[in-house]
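Notes follow once the structure below has been shown.
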Amino acid sequence: MSTLFAFLHHLAAFTLVGGLAVEFVLVGMIERGAALSLASARRLAVADAVLGAAAGILLVVGMLRVFFFEKGADHYFHNPAFLMKFSLFIVVALLSIIPMREFLAWRRALRAGQAAELDARRLRRVRLIVHGELGAVVVILLCAAILARVGWI
Ligand code: HEM
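So for the sequence shown, the working numbering puts the first residue at 6; every next one is plus one.
Right, here's the structure in full:
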């Protein structure tokens, strides 16, 4: 069981990074002036939905590992690397609501045959959040390595 949940954890983590990479590339292109077509708005919404599902699975599977399949909740909730990893995950999950709402609004507008509202300031904010999410994944991976080795060395 422990191996199965470790596998699911990896699968969800890689899927999440894949979704983020798609968002990173598409948002970057739009910010540099590429037209936002219905197809790219749909791709963004799909990538975001996949990302959201992967994050949900990570949270559930991660919690099951914490409580049942690894070193026990007491170990993790007294471990700075886990607390850092978990807090970062929650902060990023909450921040990701901003791009999600934006992508859904763009798709809704284009579907209705209207132009999507691409305000430069909001677009920059979305790009910064997606950037920050990718940066947070790097720190989360470092925390995971520290957790697996039970320390730095
Ligand atoms: C972007 C989010 C996340 C990424 C990229 C990520 C990635 C990883 C990686 C690569 C490992 C090491 C391999 C392994 O043992 O399976 C790991 C371990 C682990 N992760 Fe995550 N994880 C994420 C979120 C979470 C969350 C939200 C939780 C808990 C709620 C969690 C709980 C754990 C646990 C308990 C381990 C085992 C650590 C140990 O060996 O003692 N992870 N994670």
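Where is the CB? At the ideal position from N, CA and C, for every residue including glycine.
With a threshold of 16 other beta carbon atoms within 10 Å, L9 falls short and is exposed. About 5 Å separates the beta carbons of V66 and L13, which is inside the 8 Å limit, making them a contact pair. Taking the Cα of P104 as reference, the smallest distance to any Cα among A52, A11, S42 is reached at A52.
When rounded, the separation of the alpha-carbon atoms in V97 and R113 is 24 Å.
When secondary structure is reduced to three states using DSSP, F82 falls in the coil class, being assigned neither helix nor strand. Closest option to R37, judged by alpha-carbon separation, among M89, R132, A120: R132. Here L100 is actually not in contact with I145; their C-beta atoms are around 14 Å apart, not less than 8 Å.
For V55, same chain residues with a beta-carbon under 6 Å away, outside a window of 5 residues either side, are G24 in chain order. Taking 8 Å as the upper bound for CB-CB distance, L31 and R48 are in contact here, some 6 Å apart. Judged by DSSP in its simplified three-state form, S101 adopts coil rather than helix or strand. Rounded to the nearest angstrom, the gap between the Cα atoms of L93 and A58 is 18 Å. Around the beta-carbon of I102, fewer than 16 other beta-carbon atoms lie within 10 Å, marking it exposed. Here the alpha carbon of L64 sits roughly 21 Å from the alpha carbon of V155.
Rounded to the nearest whole angstrom, the CA to CA distance from A149 to Q119 is 45 Å.
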